[in-house]
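Report on one structure; see the data block that follows.
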Amino acid sequence: MLNVPPQAFPAPSSQQRAAAGGRAKVPLKPGRSLMDWIRLTKSGKDMTGLKGRLIEVTEDELAKHNKKEDCWICIRGFVYNVTPYMEYHPGGEDELMKAAGTDGTDLFDQVHRWVNYESMLKECLVGRMAVKPIAAPKEITSVCEEKKQLNGMLPEKKVLSGASKDLTPSYDWFQTDSLITIVIYTKQKDMNAELVILDHEDKRLRGEIIVDDYSYLLEVDLDHAVEEDMAVNIAEKVGKVEIILKKKDNVHWKILGQPLESHNTFMKRTDRGTEVVKPYTPVLPFLPLDFKEPSCHDSAHIYLMIKIYSCGLFTQALDHLQIGDCISVSNPEGSFKKSQVQTSEDLFLLAAGTGFTPMVKLLNFALTEVSCLRTVKLIFFNRTEDDILWRNQLEQLALKDQRFEIQFILSQPKKDWVGKQGMISSSLLSEFVKRSRKDSKVLICICGPTPFTEQGVQYLKDLGYSQEEVHPFTA
Ligand code: NAD
1 MLNVPPQAFP APSSQQRAAA GGRAKVPLKP GRSLMDWIRL TKSGKDMTGL
51 KGRLIEVTED ELAKHNKKED CWICIRGFVY NVTPYMEYHP GGEDELMKAA
101 GTDGTDLFDQ VHRWVNYESM LKECLVGRMA VKPIAAPKEI TSVCEEKKQL
151 NGMLPEKKVL SGASKDLTPS YDWFQTDSLI TIVIYTKQKD MNAELVILDH
201 EDKRLRGEII VDDYSYLLEV DLDHAVEEDM AVNIAEKVGK VEIILKKKDN
251 VHWKILGQPL ESHNTFMKRT DRGTEVVKPY TPVLPFLPLD FKEPSCHDSA
301 HIYLMIKIYS CGLFTQALDH LQIGDCISVS NPEGSFKKSQ VQTSEDLFLL
351 AAGTGFTPMV KLLNFALTEV SCLRTVKLIF FNRTEDDILW RNQLEQLALK
401 DQRFEIQFIL SQPKKDWVGK QGMISSSLLS EFVKRSRKDS KVLICICGPT
451 PFTEQGVQYL KDLGYSQEEV HPFTA
């Protein structure tokens, strides 16, 4: 069992930490600190020698890169060119060379288990190990021969007959005083939140991960109770999924829980028969530009703004619905009260991507029905210009109503973008979220990917906004 203290980076067993844990730490040359490494990776230098191209690496190819001046290492199915990292590695070059040209996963697990290597070596990613072709498997038959105790729970991993062990996701977990983190290594590039389906009732946790046509399932009767809200972090490039649960009682868990019937199985999605549920916030068909007319209160229709993800599970199914097909829609959920806006003088809407959807009705309501509002500002974060939803309508709205201002901020702009760029940060928020008067009553609504919303809430708290002044929309 690994007990990771709350601020566990670098982790106790990590070589990024001082050698107090007993491991030798090699003195680094000047200019070779962790910060220097981070700076180098952000410099735009081609770290792999492949000019950003990702390739499939065969075992033979991997084995060729086994020298200090040309060293590739495979970790959990992904191959990194660690040559430029050699001089920055606190454990020394010899330590890294132990895995040169080979699969270093075991070595890595023994020595650096909790180092966030995906992030640290992100720019060194060469590609994925080529998988040997396998016959299309139909049913689960064999039980993985692996018998080692995994954090207090026998793995009991059922793998597809004939399937390469490399293809099957694996998981592990660790805990702090207040959190349980389950880490799933999907071995799938381009993982996204749509491919993770989480369900939790009392102590029963069900987490399904979609990997192409297959489904990996974690199904556990947890050792202790957890809070209802949980978070999911995804390292998209390497396909690592973290499910973070909040302990109800800060007790030490001996095991994650008792495995349920389908726990740790990997099988064809069609054989699993899962129901998928997604929350969406209804929008208006368009933004009203004539404020004398209240919005269309049409109780016969709901309008949804849905982004179709090319590898999305739910949106792909939605996109392929035919006239006559059915979907079930639940009653509305949520805790937002109109009165929060009706008593405000400054309204700030922080939206990222489709996190714009709850802002549509809010914007309409604020500008058409709340006369005490002096300023309404939408700060809209997107990846590229093409991703900005309803840009034209928003710009027209800003021209029409002087109280309304809009600020677009792009995280992956093209070269010709002259506007603001970046991700949500304390400095961006302090620049754009300001009370119009020293004592004005302010409401800040925030919605987007979970990390965006969580970071935003934290930055706003640090900037001195009270809990009542900030409303995060969470699914
Ligand atoms: P996206 O991935 O295109 O990202 C849009 C912007 O969000 C990025 O430009 C960046 O500025 C920010 N962002 C993305 N990942 C971030 C991270 N890890 N940390 C900080 N900022 C980050 O967005 P998308 O594909 O349109 O997805 C929008 C998300 O909003 C979805 O996850 C959706 O579930 C969520 N959403 C939630 C609600 C709700 O809770 N009520 C409503 C609508 C949408």
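If you're matching positions, the sequence shown starts at 1 in full-length UniProt numbering and goes up one per residue. Built from N, CA and C at the ideal position, the CB exists for glycine as well. Quantities reported herein were computed from a predicted structural model and do not represent experimental measurements.
To test your reading of the DSSP string, which unbroken alpha helix (DSSP H) runs of 4 or more residues are found completely within the region 280–352?
Listed in chain order, they are 314–319 and 339–342.
I308 burial status per 10 Å Cβ neighbour count (16 or more: buried):
Per the 10 Å Cβ criterion, exposed.
Just list the residues that DSSP pairs F214 with in beta bridges.
As written in the sequence, residue 214 is Tyr, which differs from the Phe given in the question. Paired residues: V211 and K268.
Who sits around the ligand NAD, taking every residue whose Cβ is closer than 6 Å to one of its heavy atoms?
Sorted by position in the chain, A193, T281, K307, A352, G353, T354, G355, T357, P358, F381, N382, R383, D387, S411, M423, I424, C447, G448, P449, P451, F452, Q455, F473, T474 and A475 make up the residues whose C-beta lies under 6 Å from a heavy atom of the ligand NAD.
Alpha carbon to alpha carbon, how far is K461 from V232?
Cα atoms of K461 and V232: separation of roughly 22 Å, rounded to the nearest angstrom.
Alpha-carbon spacing of K51 relative to W37, whole angstroms:
In this model, K51 and W37 are separated by some 19 Å (Cα to Cα).
Range covered by the alpha helix (DSSP H) that runs through L256
Segment: none, L256 is in no alpha helix (DSSP H) and carries neither H nor E.
Is DSSP giving N364 helix, strand or coil here?
Of the three classes helix, strand and coil, the one that applies to N364 here is helix, per DSSP.
What does the alpha-carbon distance come out to for the pair H471 and T343?
Distance between the alpha carbons of H471 and T343: 14 Å.
Straight-line gap, N331 to D199 (C-alpha atoms, nearest Å)
Straight-line spacing of the CA atoms in N331 and D199 works out to 18 Å.
Length of the line joining the Cα atoms of A366 and C445:
Near 12 Å, if we compare the C-alpha coordinates of C445 and A366.
Cβ distance (whole Å) where F348 is taken to contact V433 below 8 Å:
V433 and F348 do touch by the CB rule: their CB atoms are close to 5 Å apart, below 8 Å.
Suppose you measure from the CA of residue 479 to the CA of Q407; what does that come to, to the nearest Å?
Residue 479 falls outside the range modelled here, since the chain spans only 1 to 475, and no answer is possible.
When you compare the region 214–222 with the region 279–290, are there three or more beta-carbon pairs, one atom per stretch, that lie closer than 8 Å?
Touching, no, given that fewer than three Cβ pairs across the two stretches are closer than 8 Å.
Using a 10 Å radius around the Cβ and a threshold of 16 neighbouring Cβ atoms, would you call H263 buried or exposed?
With a threshold of 16 other beta carbon atoms within 10 Å, H263 meets it and is buried.
Quick one: what does DSSP say S119 is sitting in, helix, strand or coil?
It is helical.
Kindly identify the DSSP beta-bridge partner or partners of E95.
Answer by DSSP bridge pairing: none, since E95 is not bridged.
Selection from V442, E431, S425 and R435 that minimises the alpha carbon distance to T453:
With distances taken between CA atoms, T453 lies nearest to S425 out of V442, E431, S425 and R435.
Reducing DSSP to helix, strand and coil, say where T450 ends up.
Here T450 sits in helix by DSSP.
Is I55 buried or exposed, if buried means 16 or more other CB atoms sit within 10 Å of its CB?
Label assigned to I55: exposed.
Identified DSSP bridge partners for G419:
DSSP, once it has assigned bridges, lists no residue as partnering G419.
Whole-angstrom distance between E95 and G22, CA atom to CA atom:
Here the model assigns G22 a pLDDT of 36, short of 50, so the residue's position is not dependable and the matter cannot be decided.
Cutting at 6 Å between CB atoms, please list the residues of its own chain near D177, excluding the five before and the five after it.
Within the same chain, D177 has close Cβ partners N250.
For T384, does the count of other Cβ atoms within 10 angstroms reach 16, so buried, or fall short, so exposed?
Residue environment for T384: exposed (fewer than 16 other C-beta atoms within 10 angstroms of its C-beta).
Where does K353 land, buried or exposed, given buried means 16+ other C-beta within 10 angstroms?
According to the sequence shown, residue 353 is Gly rather than Lys. Answer is buried; the Cβ neighbour count reaches 16.
Bridge partners of residue 476, per DSSP?
What is shown of the chain runs 1 to 475, which leaves residue 476 out entirely.
Pull up the distance between the alpha-carbon of R435 and that of T450, whole angstroms please.
Each residue's Cα considered, the two are about 26 Å apart.
For Y171, write down the residues that DSSP places opposite it in a beta bridge.
DSSP output for Y171 lists I184 as bridge partner(s).
Minimum C-alpha distance to T41 - residue among K68, P30, V82 and I73
Among K68, P30, V82 and I73, the Cα nearest to that of T41 belongs to V82.
Taking its Cβ as the centre, do 16 or more other Cβ atoms sit within 10 Å of W72, making it buried, or is it exposed?
Per the 10 Å Cβ criterion, buried.
From L362, S33, F108 and I388, pick the residue whose C-alpha is nearest to that of K377; which is it?
Minimum Cα distance to K377 is reached at L362.
Of the residues Q412, S371, M230 and G127, the one placed nearest I388, counting alpha carbons only:
Answer by Cα proximity: Q412.
Secondary structure of E236, DSSP reduced to three states:
Judged by DSSP in its simplified three-state form, E236 adopts coil rather than helix or strand.
Which two residues bound the contiguous alpha helix (DSSP H) that contains F432?
Per DSSP, F432 belongs to the alpha helix (DSSP H) from S426 to F432.
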